[in-house]
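These protein sequence lines are chains A and B, in that order. No gaps in the numbering here: position 328 of the first sequence is 764 in the numbering used here, and each next residue is one more. No gaps in the numbering here: position 502 of the second sequence is 786 in the numbering used here, and each next residue is one more. Virtual Cβ for every residue (Gly too), placed ideally from N, Cα, C. These numbers were taken from a predicted model, which means no experiment stands behind them. Right, one structure below, let's go through it.
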Amino acid sequence: MFITKRHIPRRTFLKSAGCTLALPLVDAMLPASTALAAAEAASPKPRFVGIFFPHGMAPGYWEPGAEGRLPAKLPFIMESLEKVKDQTVIMTGLWSKSAEPPEGTTGSDHWVAAAYLTGIKPRKTAGSDATVGSPTIDQLIAQKIGQETLLPSLQLACEDPNSSSSNCGEGYSCSYTNSISWIELPTPPNEPYVHTSPLPMELNPQNVFERLFGSGATPDERRARMQQNRSILDSIREQLASLNKELGAADRRTIGQYTEEIREIERRIQLAAKATADVPDVPLPTGIPESFDDHIKLHYDLTALAFRADITRVATLLGARDLTARSYVLPKNDLFPNGGVTTSFHGGSHHQEDPVQIRKYADINRYHVSTMAYFAEKLKSIPDGDGTLLDHSLILYGTNMGNSNQHQHYDVPHILVGGANGKLEGNRHLAYERKTVTSGNLLLSVLDMFGVHRESQGDSTDRLAKL
Amino acid sequence: MMKRLLSTGCVAILPFLSAVVLGQQTRPAPAQPARGAVAPSTPQPANAQPSAEAQRALLDRYCVGCHSQRAKAAGQEAARKLTLDDLDPAHVGEHAEKWELVVRKLRAGMMPPANSRRPDKATYDGFITWLENELDRGAAAVYAPPPGLHRLNRTEYANAIRDILDLEIDPSAYLPSDDSTHGFDNIAGALGISSTLVEAYVSAAGKISRLAIGRPATPGLVVYRTPEDTSQDYHIEGLPFGTRGGMLVKHVFPSDGEYTVTVTPIFGDNMSPTGFGSIPCEKLEILLDGERLQVLDWIGSRRLGAPQANCQGDSASTPQRGRGAAPGGRGAAPGGRAAGPQGGGQQGPEAFFGGRGGTPMRARFKTTAGAHWLGATFPATNFAPVLDLDRHFMRDTVQTGPTPGFTFFPHVGTLRIEGPFNAAPAKESSSRARIFVCRPPTTDEAACARKISTTLATRAFRRPPSGADVQGLMEFYQSGRKEGGDFEHGIEMVLARVLADPRFIYRIETEPASARVNQPYRISDLDLASRLSFFLWSSVPDDELITVASQGKLKDPAVLERQVRRMLKDARTQALTANFAGQWLNLRGLQSVGPLPLVYPDFDDPLRQAMRSEVELLFDSIVREDRGVLDLLTADYTFVNERLAKHYGIPNIYGSQFRRVTLPPDMDARRGLLGKGAFLVTTSKPERTSPVTRGKWIMTNILGVSPPDPPPDVPVLPPRSADAAGNTKEPTMRQKMLDHRVRQDCVQCHALMDPIGFALENFDGIGTWRTADGDTPVDATGQVFDGTKIDGPVALRTWLGSYSTQFVQVVTEKLLVYALGRGVEPQDMPLVRSIARDAIRNQARFSALVTGIVSSKPFQMNMKVADPVPSQSGDGASRDRTKGAK
């Protein structure tokens, strides 16, 4: 079931002067997009979701066995994907080479979540020159398919970097752990590195909701606020030009970027200006849920909602941060009849090859995959054009380690779910030779599915065979 | 060949040399007048030459065996990191970066490794002193690279709003998280910008301006949640005595009007098995600003079919109606539960978004705009029919339902505040008082608007605005006045514009026209005022600081020092505790640790919060009482409430409030950071202690040296071997760690970290004192890397005390990173040493560190960098380039 549309008096949850839920810029923008969606429903739009969990998976519990069709009974960790099996491809043997520490050094392999969607080792720095060397593939895809929507892309996370901010890698910027979505910045001439910048991953579903749908009790109120925001933005942009004269060169670059971002928002206001008056009657989430299960499902609900309304077509989700001390409360359901609490994610990932501990660790992976299955099923339940949302979506779910006990970066699990507009044939297990096929190959092929054709992506050597 | 001969030749005269070195050592300290990069410039040049020869000999004898080019060619790890035979001690400045590495390791006593030969202590210390002097002598006169353009981080943003508008906000409700680096989240380089952020800032500006002015708002809903591992068996500070548990929140009400508060139980009240162990006839008391609003029947578990006992007494059947006239509760609409839709909790947002059901208990009340304390708690009249057979665990809640051994007082799960209904414009609130420095009927409207705009802009931009600035704001006032129809609406527009301004969001510093490329220049007094206030308060300067700076007096060292002392006494230095200590000592990380309930059933949120408060209060006492920073390691006092005292085993402490206690001799192990729950828990795994993590933390944060990260492809541990009796019982933590160290390349690093951690094995994963791990007695002995044998936490503390100089340097370094908002580079180290040295002469007092930093060159200077764009217009190629891309 999609987010229920049971009626809630809108005043209950829309906009309050202030407390925490008032009108963001986008509020008046939704109707335009829904109208847009309705008009163009005939030609289904592709959607992309990239999901990252660190720390690999428990060996022996996720691999589907022989190559070919998926086995009748899915591996333990993958079992929740049963209902979307026809649209699932599991890859074994991939090599996350970009997550390995640079030659001849130790450490640093817990600080490269940002390499997940680039296939490039991030630059070793803790300063402002942090870069992942290329836009992440979600951003490349967003450039291609996200420019007509209100939000080119959406970034979500389930863990607050602030809670463990002193815990970042030796000499590696925390931004590599905090964000898996990076955009390209203008790179000054003679710079060896392509400049990139991390996009903040939003933790608070309430803020996500407001970015998607806004608030404000009446169309008049929304219009008035949009007008206010627009005049503020206009005046700031004018001011930035004169401010530039007082600034040093380095600061001018930063402010220049600020100006660019304002243009981007203004572009969205242009889109929204064609708005009609109705906002769908969906309830507003209220802050960050205490339970992880509620939190991640809410993020998935909102993503599905945004896809349905065609507010965005690209999303990324950072399910957990590297080195997280989090343990999970298993929801009581068919997968976990007894519920219970898991070991800690990072601690458990160092299972010491002890069969009992590996089994315990597999529970965590099984649970994480099941949240993605929840999302896939949700997409499957939503009609979209000639099929369902899942038919037109591609979910890339993966990690950057294989056997995490030893921080191996080969035999790394990757899963694709969704029809990708007919570009992906499901119910397959693709096996690759160990330490041969890099994850960059997969990224390159995923880009292809969205019509983004590049020569290479990060450490790719070729397009992914057999896909 | 020559070299080798020389080195052997030198052995004999070593004792003599060390004496020479020692002799030097006694002199330089008082001889160094300078702080800042002005640095010790002329210490004993005469002795330097012979000394360099001697040091070469020392190096050859004790270091070069591993750190040689030959070893490097052979691929040895130590030499790959550093070679010393190719460095010339006579010209230390040529490879300052490498020598800094050397001196750091030596200061921390890490080299030569434990099983290698070492010179005697005097020689060792003498070498350090010599090397530091050499490095300091060779340092550049001024090292002040541009720190970068600071964006306010979330914390600074919220503090600024508080100080500009007297309005407390939760920034996470408005802005996404910030990145951090170098251990802190106020580093300019990591605070990037994106459209999400710009949008959030503009959106927040609108929301906050509406909230501050308090015009009638449309109803909204805000939910406060208790943490899942809350325990509500005891009194909560701030709620009335004689109550138990519940929740207390400070909520900013957007305008005058009526509001409802709905209370839901935690986990749908399913902690108690149906009707078994749950308590009949519990009452829930709702309070506003400490006054009782209403008393409701607690009906949380009725849903589960608990028998509805016949609860006689004063407020039994329809308490909400009977008490409609309770103070503050002149609810116009039918009060209490009846006000809500039937089964509203089932239909409400909770039902969609993971709510766990339960029937809502609701009160409706009138209040005014601004901050009020809203509480919901239980009168402590019932005694829990405790199910525990053995012992009552401190933690009450387990999400997955009833677990034997946990008790079942009802718990508040959420407070949901809705409103305003029948809203009216706010008449008075603290924010309005702060904003409306004049009022139109008594002042001319336009003149008053101008005055308010000027005041707001001065506070927000941290400088008096120009005439053009004010003119720009007045345009917003005019348009707001016209559209919204009244004066206040115009002011609201001005405020929204001010809060969205880049000069508020960025700490922009003006580059003087006369600045030359790559030349440092002194920043203006107003910019210095901002650096100062963001350092000490994480917020904007106050009126006095701006006034002093506008008059151009702040650059006067005496005035500056007076301001620093004044600021350090201000309550706003709490920001140093929350942000500097919160990150350095990882108090923020405490929030995300979750010891497993079945391993540590006594750990819960009240304990977590108490542990955090303890260290915050300790750090705060050092700042406010201007104590030496070494007290952080050794203080014989601490701060506890009943919950924490119980955890530590300190007797006779009752009540939820914190108080200072002196640790008796038998609590010696609890002295200083090493005995504090906050440190011990954040360096443990959820299910066990982690001597490695503890050891590494101490090395990094107290000794300032970081052991390398674990290599990839960590080998598999050998299978557990059976003992003589054939049992393969679970090994102790110590045994597991020792297993770790079987492989040679693991031993190297683990031999550094583990023994430090072993010394703390008497503290379990939540910091409880223990003498056995399982059924094996705790063995807290170990030999640390400089060869010292230690046993237990007290010995560890004493040992660390012998590295107090290093510790003061580490604190200085961290504080400098935090103050400058950039990483500290090897070129900064002479400054760090100089500040630390001056401070040590002053008992390492906190204020000495702060004044040292504040009066340093990097803090007072900026540097013009070359424009990377060879442009004619000066407009920036980046812009053209993106234009092209569109």
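Can you name the start and end residues of the alpha helix (DSSP H) that residue i belongs to?
i: Phe781/A; result: 781-785
i: Thr742/B; result: 729-745
i: Glu414/B; result: Sequence check: residue 414/B is Trp here, not Glu. Trp414/B -> alpha helix (DSSP H) spans 405-422.
Is the shortest distance between the beta-carbon of residue i and the beta-carbons of chain B less than 8 Å?
i: Leu741/A; result: no
i: Asn614/A; result: yes
i: Gly723/A; result: yes
i: Ser570/A; result: no
i: Ala745/A; result: no
Can you name, in chain order, every residue of its own chain whose Cβ lies under 8 Å from the Cβ of residue i, other than the five neighbours on each side?
i: Leu523/B; result: Gly530, Leu532, Leu571, Gly659, Thr661
i: Lys837/B; result: Asp809, Val843
Cutting at 6 Å between CB atoms, please list the residues of its own chain near residue i, excluding the five before and the five after it.
i: Gly432/B; result: Ala472, Gly473
i: Val1055/B; result: In the sequence as presented, Val is not what sits at residue 1055/B; that position holds Thr. Taken in chain order, the residues that qualify are Val1062.
i: Pro396/B; result: Tyr346, Arg402
i: Gly973/A; result: The structure shown has nothing for residue 973/A, since chain A only spans 437 to 903.
i: Glu1045/B; result: Val1062, Ala1064
Name, in chain order, the residues that DSSP records as bridge partners for residue i.
i: Tyr508/B; result: Leu699/B
i: Thr1060/B; result: Asp1057/B
i: Thr524/A; result: Val853/A
i: Gln1067/B; result: Lys1073/B
i: Asn863/A; result: Partner(s): none; Asn863/A has no beta bridge.
i: Met531/B; result: Ala660/B
i: Phe1042/B; result: The partner list for Phe1042/B (beta bridge, DSSP) is empty, contrary to what the question assumes.
i: Met1145/B; result: Arg806/B
Check the Cβ-Cβ distances between residue i and every residue of chain A, and say whether any is below 8 Å.
i: Glu795/B; result: yes
i: Val877/B; result: yes
i: His351/B; result: no
i: Ala855/B; result: no
i: Leu532/B; result: no
i: Leu523/B; result: no
i: Gly1107/B; result: yes
Counting only Cβ pairs nearer than 9 Å, list the residues of chain A close to residue i.
i: Val777/B; result: For clarity, residue 777/B is Met in the given sequence; the question names Val instead. Gln664, Ser667, Ile668, listed in chain order.
i: Pro1072/B; result: The displayed chain sequence assigns Thr, not Pro, to residue 1072/B. The premise fails here: Thr1072/B is roughly 26 Å from chain A at the closest Cβ pair, so nothing lies under 9 Å.
What first and last residue would you give for the beta strand (DSSP E) that runs through residue i?
i: Pro767/A; result: No beta strand (DSSP E) contains Pro767/A, which DSSP labels as neither H nor E.
i: Phe923/B; result: 921-924
i: Met645/B; result: 645-651
Tell me whether residue i counts as near the ligand SAH, meaning its Cβ is closer than 7 Å to at least one heavy atom of that ligand.
i: Gly887/A; result: Because no ligand of any kind appears in the structure shown, any question about the ligand SAH cannot be addressed here.
Using a Cβ-Cβ cutoff of less than 7 Å, which residues in the same chain neighbour residue i once the five nearest sequence positions on both sides are dropped?
i: Arg984/B; result: For the record, residue 984/B in the displayed sequence is Thr; it is not Arg. Once the five neighbours on either side are set aside, the close Cβ partners of Thr984/B are Ser990.
i: Leu1104/B; result: Pro431, Pro1142, Phe1143
i: Gly422/B; result: Val376, Gly377, Ala380
i: His466/B; result: Val1101, Gly1107
i: Ser763/B; result: Met777
i: Tyr921/B; result: Arg944, Val945, Thr946, Leu947
Quick one: list the residues of chain A neighbouring residue i, beta-carbon separation under 8 Å, in chain order.
i: Thr1096/B; result: Within 8 Å Cβ-Cβ: nothing; Thr1096/B doesn't reach chain A, min ~17 Å.
i: Arg781/B; result: Ile668, Ser671
i: Arg509/B; result: Gly723, Pro725, Glu726
How would you list, in chain order, the residues of chain A whose beta-carbon sits under 7 Å from the beta-carbon of residue i?
i: Val1149/B; result: Gly684, Ala685, Ala686
i: Gly476/B; result: Ser633, Pro634
Which chain B residues sit within Cβ distance under 8 Å of residue i?
i: Leu903/A; result: What Leu903/A touches in chain B: nothing, since even the nearest Cβ is about 27 Å away.
Report the neighbours of residue i on chain B: residues whose CB is nearer than 9 Å to its CB, in chain order.
i: Gly783/A; result: Lys969, Pro970, Glu971, Arg972, Ser974
Applying a beta-carbon distance threshold of less than 7 Å, which residues of chain B neighbour residue i?
i: Val848/A; result: Within chain B, no residue comes near Val848/A; the closest Cβ sits about 13 Å away, beyond 7 Å.
i: Tyr694/A; result: Ile477, Val482, Pro786
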